[in-house]
Every structure is written in structure tokens, then in C-alpha cells.
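Heads up, the thing below is written out as C-alpha cells.
Residue numbers (this note's numbering), protein chains in the order written: chain A, 3 to 353; chain B, 1121 to 1733.
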């Protein structure tokens, strides 16, 4: 039962972070997903990333749509408010929530059916608006809750569990996010925690629309030979562009690297993204280079992962709208109601 | 030929124009000039779903008695559109007047011999005076305004005052417009028999009333109601509501020092996203709304079920137009009542407010946000095109300076610390309304998971039947609580004891009050009730019970309010007689009077016969 809380007991020497919380304080209810589901690894990575960043859990708002992936916000950050909304419509709900209170951290969790099919439009528009959010798609190429239909991210030629071959072209959400102007785009694999955790950290710190496409194998319906989203297939074809270290503004930078192998990106909040390049020629701060890397990977039959694109100084939606620095939901009568005199002036102008 | 019509301060002038020709501005000046003479008017735009080149009409009803509904019939036609000439000429009442541009001669067959034809060579006059084609076109409108001012004996100072007000901030344009006005006025004085039988005379019947449209009023209501988030998608006839909100916010809602906005407006990619953003913002503690019309409400259905079930305060302004499907997008109807009242799948019911004019659009527009927060549910404010897009003369907007926003049952961090227990769907007070918390409130307490799936009183997911039923019953209790919070119906008793009653709502109000007076003069006495909200107050069932029959006057085909009355109040359908007007034009007093009188007289005759065997 998904509401069952985990036992609160833990080892007294469990490490704490800068705000005195343990990793356990970032957990949620017990998962009801299948044993071995990639999504649970992503939940664990989210927990780790939030712990590492010492985020107050209640200052995160976690939103999702409908589907296996969208169930997962129940399984992390139990102290945070969550919203399991309508199929494919998480982005609009998240956009509204962000408009109401710019001070929270918004984490949207979606799936490939939720974002690439029914919610493709909302995915696109939330990104092009620059909503300040971390948008994670738990991408397994299959409809899990309805038992195994292809999704719009299934590769052409991919074989379903019952033997059907997919003839449609796949949608590459990461490539589209780059095109739509996302200021942070990454792809990772649920089975590669070392890569995934820093990417989530960097996305959470990013001031703008941060999108992460996480390939997350479905053990029940899409983990067989012939699938291009199985654990084995992804491990064999995972082609990382870079390795990322995230350094918070207060951290001292010690390690040194040979020139040319390292890119440093200072984000708006002062955090430093240190990228160790694994691909010659890919420049993560260049949109066309990012697209090129994705296209090349596709041609070569590889799954390109890592930090694909980042724009250090993005302009999130509230900046574009020119709203006050306070959360709109914190404004009271004095700030919102223009009063009787203003109304009398309006009346006079209508006579 | 019948006698030419003679009337002072009581007639109907209709302008037939081509849209995009700049006529709207001149026609508006005509209307406002009459108001400046202290004479009430009701004006209506009848326009196509088009930007340039199609027919458009502007109807001005002059009524010193203050009748604000459409009367029906036209006493003077200003026929400026050759495309619609024949039907425009045909619409004139016998004895009425036709004003037209006589530059090009027209065959006699194009006129009628039972009306007074007034030709004025507008094109010739403007071609002689102006060389720029755009000027020729625009000033032609002002020239006919000048001619009309002479024909109708208007106070020229009132017209000039209206022009000066119109060009406030662009004073350079005033002298040229005055000149064009005088040009038309002089020509008419010298060449026509001025004034004609229809005349305007200064009166003192406007008072301090204001002249505005419902969309403007509702947008202003949202500002006063504390709305900070507006997400919308353009759709006629609601577009100008969101635009009005923005206009008012620009003036009233910026930080005076920094100019930063205390509001956020997003033009969404569609209506699904609009309502999604409203739901997200309202969930997160902002007052949020969308403005839309019937097709938009159709698209929002799934989210409305979520908002009902997850108990999210959302405000929707539905400016109704003629459906189904694209229907008549620029024509008015009251045809979304059922789709709003029961929006979404599953067992749902929604609160609706039914304003009668721009004044109530403002009031209800602000009240909707208090109601949404108090009831934690979507609130529909049901305008229609007639109220929303036409200028109405109404009481000035009023605001109680002591009024504060009612944010409803929201627990902050202190409240959570003080509370014994927090259950998001726990009915602590017995009114069906639970307590909620906003995200980010407290490090340890008050967080919960909002979902459209069933859950128990503590927001814990469950598919068990008993907690599901418990929750659905509580929602019903909450809906019952709403009855005492929404605007009460207004009863207008007949002067004499009446056996029959009439129920009406929304924009029908203006035509109804005129029809009631006319029926009374005919000896038909009806008690009247104006319904202002759904769910219905107990007064409504009592009113029906107190009468033998009740006419239900609506602007839709299927008697939608009557359906709600039958369904929600379990009223015998035979008692409720539908009176339905749904051709896309605003209902008229003449229509109501004749529809009711036919049936009422048949009923009145019966006891008379019984009394005298």
C-alpha cells in the first residue's frame, strides 16, 4: 500500500547534511512499483540529490501526471506537498504552481506516455516558457500501467514483449527540449546512479527549465531481447558525453584537470557545473553542438547521455513576466485590492 | 403611407456597417452623446466572426423610461452596407426612417413607400473634403454622425463632449473630428427637413450610472477579488475579459516603486493548459482564474473533475455564446448551464453565479474568489455575449472599504502546530469543508498528496468503497453548504396576487423587467424570481411551490435551468413552463410578453369561465 510510511528508526550515526537531516528524511512511502523497476532507482537518485544539496524537503513541490512514473512522487520527499494531476497535464499544473509561488523548488515527474504522447503539447510549452523547474521523464518506452503498449519514445524496430515490431519513429524528448529552448537538458540511465545524481542536483539548482530524460527500464513489459530500453541494451549502448561534478557556491574547488578536458559552467545561483568531457567536439554550452551530438548518437545507434546542454544565465518565466520578487500567494489585501478611490475614478471614466 | 413615427427619447436606431470600416467608433460616439444628454440607452453590437469586410450592426435603443433590454424592431436604419441593404430596409417599422448614402443613385425598387427615406451624399461630401482614402472612410462615419445629430435634434455640445472624451490624450485629433461633425450637420440642416419625428431631448434620467461591458467589469472584479494568476486562451466572446484584467492590472496592480507586477498572466497553448495552470496556482495558494466560452469549458472537463474531487479553488468566467460546436461564435446564448453545472465525468456538481449585468459581473467576479476559497471548489461565473461584449448602463461599481479577502480554511504553520490533527479531507466543522495547507508551509506537518484518485480523510490513497462513499457524501454536504453562501435569488412580487410565477436569470433580466410591466398593463400578473446562483437557495423551491405554474425564461433550446430545477429540486416538470429564445440575438421584452401572454391568458380565461357558469 503506497501510503504505508517506512519505519522511522535508523542508525544513530547515519550521516547528516548541512541542515541536519539524514538521507532517510528525504524518503517517502514504500514503493508499489514492480521489483527492479528503473523508476525506483530514479526516486533513490532524487532522494540522494536533495539530501546532497541539503534542500528543506517541504520547500519542494513535486508534481506528476498519470502512469507508473507519475506514482513515484509518493515514494520520495514525504514532507513535501505532492500533486498527482491529470494524464499529460503535469506541466500546466506545475506552471500554475510556479506562478503562485516562485520561492519553492518545482520537481515535475512524468513518463514517456505522459510527456511524449498525451502531454506532448504541455511538455513543449512549459519548456519554451522557461518555467523554473526540474522536469524528469522516466522513459521506459512502454505503457506500463495498461500492460505493454508501445509509447511514442519506443525506437523504430523495437520489439514488444508479445512480439509486435514498432514501425513508428521515436520522439527524442531531449532533442526537442534543446530545440524548444530548454536552458538545461540532460539524459541519463536509471542504472547509472553516479551519472544521474549530479545531473539531478545540477537541474534542481538550475534557474530555468531543466529537462532530464532518464531511460528507465520496465522490468515487466520492456526488458526483453529486442527491446531498446532494456537494462542490457542501455548498458551496451550508453554513450556518455561527459561526467559532471556539481559544486555548491560554498565548496572549495581542489581537483585539477588537464586543459581542454574540462568545462566549467557557473549557474545563476553560483553553483559550478564541472564537466569532464568524454566526447571531443561536444560543447555543452552550445545548442547546435548539443543537437549535433544527439543526431550523431542516433545515427550510430548509441544512447547519448550526460549533460547535453546548459545555459548558465537563463531567464525563467517570472523574470520574463516582470512579477514582483515576492511569492504572489503571499500578497495580501493591501497589495492586491486597489480600494474605493481607484474604483470611483474608474466609475467616473465610464460616465 | 402610414404616418411617420413620432417619438421623443423612445425609439430604436440601427446602424448597418461593414466591419473594419471604423464605424464602431462613430456609433459609440452616437451612443455616448445621447447618454451625455441624460437619456438612457441600451446598445448592442451584432458582429460577425471576422475582422474586415463582413456585415456588422450596432443597435441603439433610446429609452428615457430606462428599458435596457432589446425592444425588437427598428425605427431608424442607418444603412451603410450595400451587402445587407435589402434586409436592412425590410427591418424598418412601418412609418420608420431610412438614412443612407445617396452619392450613388439607387433605383426606386430598392426603397419602401411606407417609410421616410433620407439621402445624404456622404461619399461625395468626404471625397470633396479629404484626399487620403483612409480619412475619407473614417470621417464619413463622423459626417453621418453630424447629419444624425441634426435629424434627431441632438444637443451638439453633448456630441462634441463625447468626441473630446473619446480622444482624451490624443487632443490633436479633436478639431478634425469637430470639423467633420459640422460638415455633416450643416449639410443636413441645409438640405433636409430637420428634425424628423424621432427626437432627442435633454433629460435627467441617467443619474450617476456607468456605461460599460460585462467583460470589462468582470476583469475588474477579478482585480478587486485579489486574483493574481490568470491563464487563458483566446476565444470569442471571452477574450476581452482577460484583456480587461490585464488593462486594469497594468494601472492598478504594479508595485508603485519598482513597477513590478503583482499578477501573472499567461496566454496558454489551449484551454486544457489554461485550466491546468489555474488548478496548479490555486492549489499553491494564489487566487487564479481563466476566462473562456462553451468550447473551452468542453475542453476543460477532465480538469474540472479533478478540481472538484481534489477540492481546488478555481474561478472560471464562461462568457456564453451560441453552440453546439463552433455554433454562432459571435451570437449570444445561455446554453452552457448544464455543461458547467455538471462538468466532467463521474458524479460532479459545480457552483455557478449568474450575473444580470456588468454591475453584477464586477460584484460576482470578486465574490467568486471568496467563494472558491471558502468552498474549495471551482466557481463558474456565467456571463453571456450580450452582457460580456455590449456596453450596458448600470449602477456604478461599489466596494466596501472594510472588505477583506476570505481565504477560507487554510492552516498556516502556527495553525498546524496548534491543531490536534490534520486531515486534508477531514470534516472538522460539519459543513463538509475540510482544511487545507499550501505547499511549503511547515517542515514536518501538513504535507499531503493531492490526487484525483480516491483517498481517505487523511489524503491516503485507497480504493476501498467505504472511504470513497464517505468522501462523496461529504462533497455533497459541502455543495449543500454552498446554497447558503452563494447570492440569494431576488423576488419581484406582482402588484396583485398572482397564481403564476416566472423565473429568469442573467442577461434576460433587462427584457424581463420591461415585459413584466407590459404584462401587468395587459392584466397578466406574475410574481417573478431572478435566480442568481446554482445550487439553488431554498427560496427557489418555495417560490415554485407557492405558484400553480412557473414560466422559466431562458436563452437556450433545451430549457437548461428548468432541467436543473427539475433535477435538483425534484419539481414536477409540468409546473415549469419553458419560454425559450435561442436564435442568437438577445431576448426581447416583446418576445417574453407575447410568449407568456399567450399561455397566461389561456389560463386566465379558465377560472373566469368557472366563475360565471
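Quick reminder that beta carbons are idealized off the backbone N, C-alpha and C, glycines included.
Check: Just to confirm, are residue 83 of chain A and residue 120 of chain A a CB contact at a threshold of 7 Å?; Outcome: no
Check: Nearest-angstrom Cα distance between residue 1477 of chain B and residue 1669 of chain B?; Outcome: 27 Å
Check: Which residues bound the beta strand (DSSP E) around residue 1414 of chain B?; Outcome: First-last for residue 1414 of chain B: 1414-1419, but that is the alpha helix (DSSP H), not the beta strand (DSSP E).
Check: Mind listing the chain A neighbours of residue 1569 of chain B? Cutoff is C-beta to C-beta under 7 Å, in chain order.; Outcome: 76, 84 and 86
Check: Taking the alpha-carbon positions, what's the residue 1611 of chain B to residue 1634 of chain B distance?; Outcome: 16 Å
Check: Report back the beta-carbon spacing between residue 1700 of chain B and residue 1679 of chain B to the nearest angstrom; my notes put them in contact at under 8 Å.; Outcome: 6 Å
Check: Given a threshold of 16 other Cβ atoms within 10 Å of its Cβ, counted over all protein chains shown, does residue 1472 of chain B qualify as buried or as exposed?; Outcome: buried
Check: Using DSSP bridges, identify the partner residues of residue 83 of chain A.; Outcome: A:63
Check: Comparing C-alpha positions only, which one of B:1137, B:1190 and B:1192 sits nearest to residue 1175 of chain B?; Outcome: B:1137
Check: Mind checking whether the beta-carbon of residue 1155 of chain B lies closer than 6 Å to any heavy atom of the ligand PLP?; Outcome: Looking at this structure, you won't find the ligand PLP or any other ligand, since it has none at all.
Check: Tell me whether residue 70 of chain A sits in a helix, a strand or coil according to DSSP, three-state version.; Outcome: helix
Check: Check whether the Cβ of residue 98 of chain A lies closer than 7 Å to any Cβ atom in chain B.; Outcome: yes
Check: Grab me the residues of residue 1601 of chain B's own chain with a C-beta within less than 6 Å of its C-beta, minus the 5 sequence neighbours each way, in chain order.; Outcome: 1551 and 1552
Check: List, in order along the chain, the chain A residues whose C-beta lies closer than 8 Å to that of residue 1542 of chain B?; Outcome: The contacting residues do not exist; residue 1542 of chain B stays about 12 Å from chain A at best.
Check: Identify whether residue 120 of chain A lies in helix, strand or coil by the three-state DSSP scheme.; Outcome: coil
Check: Just confirm the distance between the C-beta atoms of residue 1465 of chain B and residue 1498 of chain B, as a whole number of angstroms; I'd bet it's less than 8 Å.; Outcome: In fact, because the Cβ distance is near 15 Å, the residues do not count as touching under 8 Å.
Check: Say whether chain A places a C-beta atom closer than 7 Å to the C-beta of residue 1157 of chain B.; Outcome: no
Check: At least one CB of chain A closer than 7 Å to the CB of residue 1471 of chain B: is that the case?; Outcome: no
Check: The alpha helix (DSSP H) with residue 18 of chain A in it runs from where to where?; Outcome: Where residue 18 of chain A is concerned, there is no enclosing alpha helix (DSSP H), given that its DSSP letter is neither H nor E.
Check: Please state whether the Cβ-Cβ distance between residue 1391 of chain B and residue 1416 of chain B is less than 7 Å.; Outcome: yes
Check: Just the Cα atoms here: how many angstroms apart are residue 1682 of chain B and residue 1696 of chain B?; Outcome: 7 Å
Check: Apart from the five residues just before and just after residue 1324 of chain B, which ones in its own chain have a Cβ nearer than 8 Å to its Cβ?; Outcome: 1158
Check: Quick one: grab the DSSP three-state call for residue 1469 of chain B.; Outcome: coil
Check: Here's the rule I'm using: 16 or more other beta-carbon atoms within 10 Å means buried, otherwise exposed. How should residue 1191 of chain B be labelled?; Outcome: buried
Check: Between the C-alpha atoms of residue 1625 of chain B and residue 1425 of chain B, what's the straight-line distance to the nearest angstrom?; Outcome: 26 Å
Check: Is it the case that the Cβ atoms of residue 1623 of chain B and residue 1592 of chain B are separated by a distance below 7 Å?; Outcome: no
Check: Specify whether the stretch 205-214 of chain A and the stretch 291-300 of chain A touch according to this definition: at least 3 beta carbon pairs, one from each stretch, less than 8 Å apart.; Outcome: no
Check: Under 9 Å between beta-carbons, which chain B residues line up against residue 321 of chain A? List them in chain order, please.; Outcome: Ordered by position in chain B, no residue passes the 9 Å Cβ test against residue 321 of chain A, which lies about 11 Å from the chain.
Check: To the nearest angstrom, report how far apart residue 4 of chain A and residue 1438 of chain B are at their CA atoms.; Outcome: The predicted model places residue 4 of chain A with a pLDDT of 46, which falls under 50 and marks its position as unreliable; any figure quoted below should be read in that light. Taking the straight line from one Cα to the other gives about 39 Å.
Check: Of all the CB atoms in chain A, is at least one closer than 7 Å to the CB of residue 1622 of chain B?; Outcome: no
Check: Determine the chain B residues that contact residue 17 of chain A at a beta-carbon separation under 8 Å, and present them in chain order.; Outcome: The contacting residues do not exist; residue 17 of chain A stays about 19 Å from chain B at best.
Check: Quick check on residue 1659 of chain B: does DSSP put it in helix, strand or coil?; Outcome: helix
Check: Could you have a look at residue 343 of chain A and say whether DSSP puts it in helix, strand or coil?; Outcome: helix
Check: Can you name the residues that DSSP bridges to residue 1387 of chain B?; Outcome: B:1352
Check: Taking just the CA atoms, how far does residue 107 of chain A sit from residue 320 of chain A?; Outcome: 14 Å
Check: Please determine if the stretch 65-82 of chain A and the stretch 1359-1378 of chain B are in contact, where contact requires at least 3 C-beta pairs separated by less than 8 Å.; Outcome: no
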